[in-house]
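J.: I am attaching a structure below and will ask some questions about it afterwards.
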Amino acid sequence: MKEKKKSLVDVIMVNMLLMISLPLVLLGGIVVLGEYYFFRQDREVIKKAYIQEQEEIFKHEVEKAIDYIRWTRKQHRTPGDDQESEMLSWISRIRFHNKGRLPGFLFVRTHEGIQLMSFSRPDLIGKDISLLTDLDGINSHQLFLKAIEKPGGGWADYSWFNPSTREVELKRSFAKSVPELGWYVGAGFWFGDIERVIFNKQLIFRNKVMKEVSTISLLLSAMFLLQYLVYRVMMRKIRGNFHQFVEFFNTSTSTAVLVDAKALSYSEFVNMAKSVNQMIKARNVADQALRDSENRYRSIIENIDQGYCEVGSDGNITFFNDRMHDIAGYSREELTGMNAAVMLDEKDVEKVFKHFADIYETDVPQPELTCLIRRKDDTWKFVGLTPTVIKDAQGNKTGLRSIVRDVDRQKEYEENLIYLAYHDALTGLKNRKAFYEQLSDALYHAKRYGTELGLIYVDIDKFKKVNDTLGHEMGDVLLLEIRDRLQNTLRKTDFISRIGGDEFVVLVDNPNNFHPAAIAEKIVKNLSEPYNLKGNMVDYISSSVGISVFPTDAVEMDSLVRKADQAMYVAKEKRNGYVRYADVNL
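Number 258 in our numbering belongs to position 255 of the sequence shown; there are no gaps in the numbering.
Below you can see the structure in the form of structure tokens.
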């Protein structure tokens, strides 16, 4: 049974209906999405906006009330209890609304904590609440005393009775001092009221959206029905003219074969066939370009951290990436079309050409080939080449592509890793690993030749205080200054190492000739001098120094380090600068 195909006219009908209906659908979708976004967006963002609005209103009302108090006092030149009662009575009647929200009201207290006026807690009027705390132990009076210290007043968060819900809830109030009366006036809002306002507005908005969606749905249905009726009348007149159009596309555009325009009868379809032919040709070209681009960039992406270069069968460079541009040192214009042999060392030309020719002929990958290339600035660079064959869509060989590995950069990277393995990243001094290797060699030398070896263990006192008060950046600046002072205090032949956060060690060969106590005393003295840390003067830094000597105190490495550390802790406890291990038990 022959399958029944869809009518092109029916397809056009559907498209026309969609074109008419789409704006309405989009409109309805925008409304629905707006409702969805409103309900899904972060409630904290909405809450923050409402809180900011409330803060502005309550602060303004407090300032208005204080202005009134001062105006009243100015009108009555002889202040008295009657005047204060009048002002309190007026303030107690103030109610301010904020766009339909719950009303706000003011409160008044003395600086000593006497509640002069309160709408939410009238039972506290005239009482001393200076020691009153909420369930969390927060004293609101103390918070307000801190807030009113600011010239323009300040905010305080605490828990307070909410007359609207008759429950204790978290409240934020603004207070400002009236120093001439010894009062402070405040007003605030409950966070629970904010939540309830947001919830009510969301319900109102949702109901409004649902009504709009219902209206849009009815309008869409009516438009759809009207358009369908118009279509049926119109299509009846033009249906016959589309049969040949449908047959044309069934036989031509289903394949990529060009259409014979001369075989068509009507000029409209001839013009359409020419357009289709142009489209098919453009698509064929685009498909080929896309395949070439995919093959090219797939290789580049896979090896993006290295140089990449393509050469044609004539040896001229046809494509390269940014890393290849950096390796060769030539501009893009200079590299494009350059023969690759120009950059090769004369000694390597034959070797490289043979390597490339073998790969081109056999299409078999070979191990990486290392050679020298000449950069534009006449410097030489070792690179590693791993060429492969480039083929076109028909499988014909058109050239070679190669990853160009910067061997020199890898060597620099390895050397940097070795440096970091034996040096402190901040100070550049030798690190703990380097110290123990140096100590092992020094002990071997001292044992072999019968010489003495001194180990001075330095710990910086109050270093943590600098980090805590000035920040870790200033702590780093201090460590660099300590490094400089140690280097200036000791000989260039003495070994200095940073083995911990604020711990340094010094190895001194044959310490009897240099008197370890004298060396330690110089270290303590120099490190205790004031420091200027980028404009911050620090004069409380000192050091505790412990000394151990081979072979007097220990003959093994771990024991020598441990005893210097013990002596350092004794010096820290006694606060006398430095201690030699030999004197610890004296």
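All residues carry an ideal CB built from backbone N, CA and C; glycine is no exception.
Do Lys575 and Asp471 have their CB atoms nearer than 8 angstroms?
T.: no
J.: Is the segment 536 to 551 touching the segment 452 to 467, taking contact as three or more C-beta pairs under 8 angstroms?
T.: yes
J.: Starting from Ala521, follow the alpha helix (DSSP H) in both directions and report where the run begins and ends.
T.: Element bounds for Ala521: Pro519 to Leu530.
J.: Is His79 helix, strand or coil by DSSP?
T.: coil
J.: Leaving out five residues on either side along the sequence, give the residues of the same chain with a beta carbon under 6 angstroms from the beta carbon of Ser180.
T.: Ile151 and Tyr187
J.: If we ignore side chains and look at the alpha-carbon of each, how far apart do Lys566 and Asn434 end up?
T.: About 20 angstroms.
J.: Can you name, in chain order, every residue of its own chain whose Cβ lies under 8 angstroms from the Cβ of Ser162, other than the five neighbours on each side?
T.: Asp137, Leu138, Asp139, Ile141, Val171, Glu172, Leu173 and Lys174
J.: Could you give the distance in angstroms between the alpha-carbon of Phe323 and the alpha-carbon of Ile283?
T.: 31 angstroms
J.: Classify Leu222 as buried or exposed, calling it buried when 16 or more other Cβ atoms lie within 10 Å of its own Cβ.
T.: exposed
J.: What whole-angstrom Cβ distance do Gly107 and Phe192 have, given they're in contact under 8 angstroms?
T.: 7 angstroms
J.: Can you tell me whether Tyr422 is buried or exposed, with buried defined as 16 or more other CB within 10 angstroms of its CB?
T.: exposed
J.: If I'm right that Ala190 touches Glu64 with Cβ under 8 angstroms, what's the distance once you round it to whole angstroms?
T.: 5 angstroms
J.: Mapping the DSSP letters down to three states, classify Asn244 as helix, strand or coil.
T.: Residue placement at Asn244 is poorly supported in this model, since its pLDDT is 48, which falls under 50; the coordinates are not used for a value here.
J.: Note down the Cα distance separating Leu184 from Ile69, rounded to an integer number of angstroms.
T.: 11 angstroms
J.: If you drop the 5 nearest sequence neighbours on each side, which residues of the same chain put their C-beta closer than 6 angstroms to that of Lys379?
T.: Gly332 and Tyr333
J.: For the alpha helix (DSSP H) holding Leu483, just list the boundary residues, first then last.
T.: For Leu483, the enclosing alpha helix (DSSP H) covers residues His475 to Thr492.
J.: Going by CA-CA distance only, name the one from Arg294, Phe208, Val352 and Ile526 that's closest to Gly398.
T.: Arg294
J.: Kindly list the residues whose CB is nearer than 8 angstroms to the CB of Gly503, restricted to its own chain and excluding five residues on each side of it in sequence; keep chain order.
T.: Excluding sequence neighbours, Gly503 sits near Arg435.
J.: May I ask you to list the residues that DSSP assigns as paired with Ala178?
T.: Looking at the DSSP assignment, Ala178 forms a beta bridge with Gly157 and Gly189.
J.: Which partner residues does Phe164 have in the DSSP bridge list?
T.: Val171
J.: Specify the secondary structure class of Leu11 as computed by DSSP and reduced to three states.
T.: Annotation note: pLDDT 47 at Leu11 (below 50); position unreliable, no value reported.
J.: Confirm, please, whether the CB-CB distance from Phe385 to Asp592 is below 8 angstroms.
T.: For residue 592 there is no data in the structure shown, the boundaries of the chain being 4 and 589.
J.: For the alpha helix (DSSP H) containing Met560, list its first residue and its last residue.
T.: Judged by DSSP secondary structure, Met560 falls within the alpha helix (DSSP H) whose first and last residues are Met560 to Lys577.
J.: Could you check where the alpha helix (DSSP H) with Arg435 kicks off and where it finishes?
T.: Arg435 to Tyr452
J.: Following the continuous alpha helix (DSSP H) through Arg326, name the residue where it begins and the one where it ends.
T.: Unbroken alpha helix (DSSP H) run through Arg326: Asp325 to Ala331.
J.: Terminal residues of the continuous alpha helix (DSSP H) containing Glu337?
T.: Arg335 to Leu338
J.: Identify the residues that DSSP records as bridge partners of Trp93: which are they?
T.: Partner(s): none; Trp93 has no beta bridge.
J.: Tell me which residue opens and which closes the beta strand (DSSP E) that Ser545 is part of.
T.: Ser545 to Phe553
J.: Who are the Cβ neighbours of Leu442 in its own chain at under 6 angstroms, not counting the five residues just before and after it?
T.: Met560
J.: To which residues of the same chain is Ala445 closer than 8 angstroms at the C-beta, ignoring the five residues directly before and after it?
T.: Leu456, Phe498, Leu510 and Asp512
J.: Classify Met90: buried if its beta carbon has 16 or more other beta carbons within 10 angstroms, exposed otherwise.
T.: buried
J.: Please say whether Arg377 and Asp348 have beta carbons closer to each other than 8 angstroms?
T.: yes
J.: Roughly how many whole angstroms lie between the Cα atoms of Met571 and Asn588?
T.: 13 angstroms
J.: Taking all protein chains shown into account, do 16 or more other C-beta atoms lie within 10 angstroms of the C-beta of Met540, making it buried, or fewer, making it exposed?
T.: exposed
J.: Quick one: give me the first and last residue of the beta strand (DSSP E) that Trp385 is part of.
T.: The residue asked about is misnamed: residue 385 is Phe in this sequence, not Trp. That run of the beta strand (DSSP E) goes Trp383 to Lys394.
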